[in-house]
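Visitor:
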Amino acid sequence: MGKRCCSVALAMVMVMGLVSLTLATSRRSMMTNGLGMTPPMGWNSWNHFSCTIDEKMIKETADALVSTGLSKLGYVYVNIDDCWAEISRDDKGNLVPKKATFPSGIKALADYVHSKGLKLGIYGDAGYYTCSKRMPGSLGFEERDAKTFASWGIDYLKYDNCHTDGSKPIERYPVMTRALRKAGRPIFFSVCEWGDMHPAEWGALVGNSWRTTSDITDTWESMISKADHNEIYAEYARPGGWNDPDMLEVGNGGMTKDEYIVHFSLWAISKAPLLLGCDIRNMTEETMEIVANKEVIAVNQDPYGIQAKKVRMQGDEEIWAGPLSGNRIAVVLLNRGPVRYSITALWEDLGLAPNSAVEARNLWEHKTLETRFVGNLTATVNSHSCKMFVLKPIA
Ligand SMILES: *[C@@H]1O[C@H](CO)[C@@H](O)[C@H](O)[C@H]1NC(C)=O
Ligand SMILES: *[C@@H]1O[C@H](CO)[C@@H](O)[C@H](O)[C@H]1NC(C)=O
């Protein structure tokens, strides 16, 4: 009896082992393009330009990413969003770049962008039409379109979720995953399913990032709600697969400087893709100062790839924190309210020993504070503002 029970238990262990081995194998085989080991950085046309795009402004944007120095900071993806193709496929069924706006074709544009040391992204849809309804989607044409993208030298595909056949995203998206793998060129796959069916739970098997939210708009309320919603799924983020709360609005004019600093800080600490959404050719010094903050970018690009979580919420006051490499911790003290607060991050919330002494680097003031902190770090934070620190315990 005892023997029998144990051999049953052993058999179960073996079956479970097999199951997890199979899972691990399929996990590896679904999305093994090796891309996105840190969150992608670059630019996307939608937030500023929506459908008003053409090859000239895409090239000028690529030039501006280089001349401003942003490409050196890691902003290398130049991503074309919706409206780049003709409404009809050619007689072989291929997508056709819109003649009026992309007369030289996408291959020539990719060559140009690559010649600048940058990467070209494009946009498609897991339905019959894209969201603008001005060009076809890839549903039923996945292999053909993946091959086309690969032949043009595309490096990134944002894949939207409009005008579908009603089937579930978890059925439609992997068809493009397989098509991209077959097409033989590593293409970052950005699943843009808007968070409808909890893509964080399956996204890592299918793509390199997955939208956790509906579209952002250029307001404080929209921005902060995307950050909130994205935070719920923090534990699913990892190198090669990221939660995506949508692209940046910094520089588009709808928020104050402090609010844009909050936007950029929360995206950075959340390991979100840093895809600029303003007109790179015409950025103010203020916008540049925000998006070119190397120390904040370094938090986003930390090799551990661990997404920060809210470790304390008290009314309008929040502490967001997450571990970084080198035994460090990134912290954002966020004030969501209408008046100034003094906000305290407690060591117990940050996972630090109560008596550990810590050096604090203020990432927006570019200053290491002289005070050594023990037990907590307290700072005053203005309305709709934040402070961002990297903490390092000292021996
Ligand atoms: C450049 O930006 C400023 C505001 O920052 C705006 O007034 C101006 O119209 C922009 N120029 C172009 C060509 O978009
Ligand atoms: C924070 O630390 C300081 C110095 O150790 C201490 O005096 C203060 O009471 C602490 N504040 C809180 C809210 O724990």
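Residue numbers for the sequence shown, in mature numbering (1 follows the signal peptide of the UniProt record, and there is no 0): -24 to -1, 1 to 371. Glycine is no exception: its CB is placed at the ideal position from the N, C-alpha and C atoms.
Along the chain, where does the beta strand (DSSP E) containing residue 424 start, and where does it finish?
Guide: Outside the shown range of the chain (-24 to 371) lies residue 424, about which nothing can therefore be said.
Visitor: If we ignore side chains and look at the alpha-carbon of each, how far apart do P175 and I208 end up?
Guide: Distance between the alpha carbons of P175 and I208 is about 12 Å.
Visitor: Quick one: grab the DSSP three-state call for E235.
Guide: The answer is helix: DSSP assigns E235 an H, G or I state.
Visitor: For I293, which of helix, strand or coil comes out of DSSP?
Guide: Per the sequence shown, the amino acid found at residue 293 is Glu instead of Ile. Correct three-state label for E293: strand.
Visitor: What does the alpha-carbon distance come out to for the pair A284 and R312?
Guide: Distance between the alpha carbons of A284 and R312: 17 Å.
Visitor: Could you tell me which of V226, E211, G113, I130 sits nearest to Y280, measuring between CA atoms?
Guide: Comparing Cα-Cα distances from Y280 to each of V226, E211, G113, I130, the minimum goes to E211.
Visitor: Spatial neighbours of N206 within its chain, please: C-beta separation below 8 Å, excluding the five flanking residues on both sides.
Guide: Cβ within range, chain order: T188, T189, N219, D220, P221, S246, A248.
Visitor: Report yes if the C-beta of G281 is less than 7 Å from at least one heavy atom of ligand 2; otherwise report no.
Guide: No, the Cβ of G281 stays beyond 7 Å of every heavy atom of ligand 2.
Visitor: Check whether the Cβ of T260 sits closer than 7 Å to any heavy atom of ligand 1, and report yes or no.
Guide: Yes, Cβ of T260 sits closer than 7 Å to a heavy atom of ligand 1.
Visitor: Taking a contact to mean a Cβ-Cβ separation below 8 Å, would you say T136 touches Y99 in this structure?
Guide: For the record, residue 136 in the displayed sequence is Asp; it is not Thr. Against a cut-off of 8 Å, the Cβ pair of Y99 and D136 comes out as a contact.
Visitor: Would you mind working out which of I63, T37, M152 sits nearest L85, comparing C-alpha positions?
Guide: The option with the nearest alpha carbon to L85 is T37.
Visitor: Using a Cβ-Cβ cut-off of 6 Å (strictly less than) and excluding sequence neighbours within five positions of A159, which residues of its own chain qualify?
Guide: Correct list, in chain order: A122, K123, A126.
Visitor: Have a look at M231 and N303 and give me their C-alpha separation to the nearest angstrom.
Guide: Going by the C-alpha atoms only, they are around 34 Å apart.
Visitor: Where does M223 sit, in a helix, a strand or coil, going by DSSP?
Guide: M223 falls in the coil class under three-state DSSP.
Visitor: What is the rounded straight-line gap between the Cα of T354 and the Cα of E341?
Guide: Those two C-alpha atoms are separated by around 16 Å.
Visitor: If distances are taken between C-alpha atoms only, which option among W196, T260, S80, I29 comes closest to H239?
Guide: Considering only alpha carbons, the answer is W196.
Visitor: Are S359 and P314 closer than 8 Å when you measure CB to CB?
Guide: Their beta carbons are under 8 Å apart, which means S359 touches P314 by this criterion.
Visitor: CB of G291 to nearest heavy atom of ligand 2: below 7 Å?
Guide: No - ligand 2 has no heavy atom lying nearer than 7 Å to the Cβ of G291.
Visitor: What is the rounded straight-line gap between the Cα of C254 and the Cα of I319?
Guide: Distance between the alpha carbons of C254 and I319 is about 32 Å.
Visitor: Taking only the alpha-carbon atoms, compute the straight-line gap between E225 and G12 and give it to the nearest angstrom.
Guide: If you take the alpha carbons of E225 and G12, they lie about 22 Å apart.
Visitor: List the endpoints of the continuous alpha helix (DSSP H) containing N206.
Guide: Its alpha helix (DSSP H) spans residues 196 to 207.
Visitor: Any heavy atom of ligand 1 closer than 7 Å to the beta-carbon of D66?
Guide: For ligand 1, not one heavy atom lies less than 7 Å from the Cβ of D66.
Visitor: With burial defined as no fewer than 16 other Cβ atoms inside 10 Å of the residue's Cβ, what is the status of K32: buried or exposed?
Guide: K32 should be labelled exposed.
Visitor: List in chain order the residues whose CB is within less than 7 Å of at least one heavy atom of ligand 2.
Guide: Cβ-based neighbours of ligand 2 within the cut-off: T320, L322, V350, G351, N352, T354.
Visitor: Would you say D57 and N20 are within 8 Å of each other, going by their C-beta atoms?
Guide: In contact: D57 and N20 (Cβ atoms closer than 8 Å).
Visitor: Using the Cβ count rule (16 or more neighbours within 10 Å means buried), how would you classify T356?
Guide: Counting Cβ neighbours within 10 Å, T356 comes out exposed, since fewer than 16 surround it.
Visitor: A306 bridges to which residues according to DSSP?
Guide: In the DSSP output, where bridge partners are listed per residue, A306 has G298, V366.
Visitor: Using 10 angstroms around the beta-carbon of D141, count the other beta-carbons present and answer buried if the total reaches 16, otherwise exposed.
Guide: By the 10 Å Cβ count, D141 comes out exposed.
Visitor: Could you tell me the alpha carbon to alpha carbon distance between K75 and I34, rounded to whole angstroms?
Guide: Cα to Cα, K75 sits roughly 15 Å from I34.
Visitor: Rounded to whole angstroms, what's the CA-CA distance from F365 to A306? Just pull it up for me.
Guide: If you take the alpha carbons of F365 and A306, they lie about 6 Å apart.
Visitor: If we call anything under 8 Å between Cβ atoms a contact, is A297 one with L326?
Guide: Cβ distance < 8 Å, so A297 and L326 count as in contact.
Visitor: With the cut-off set at 8 Å, would you say M152 and S114 are in Cβ contact?
Guide: Cβ atoms of M152 and S114: closer than 8 Å.
Visitor: Under the rule that 16 or more other beta-carbon atoms within 10 Å means buried, what is I370, buried or exposed?
Guide: The residue is exposed, with fewer than 16 neighbouring Cβ atoms inside 10 Å.
Visitor: Please identify the residue among L41, S185, S91 whose C-alpha is closest to the C-alpha of G18.
Guide: Checking every option, the nearest Cα to that of G18 belongs to L41.
Visitor: Buried or exposed: which applies to M223, given that a residue is buried once 16 or more other Cβ atoms fall within 10 Å of its Cβ?
Guide: Buried is the call here.
Visitor: Tell me whether R316 is buried or exposed, calling it buried when 16 or more other Cβ atoms sit within 10 Å of its Cβ.
Guide: Under this definition R316 is an exposed residue.
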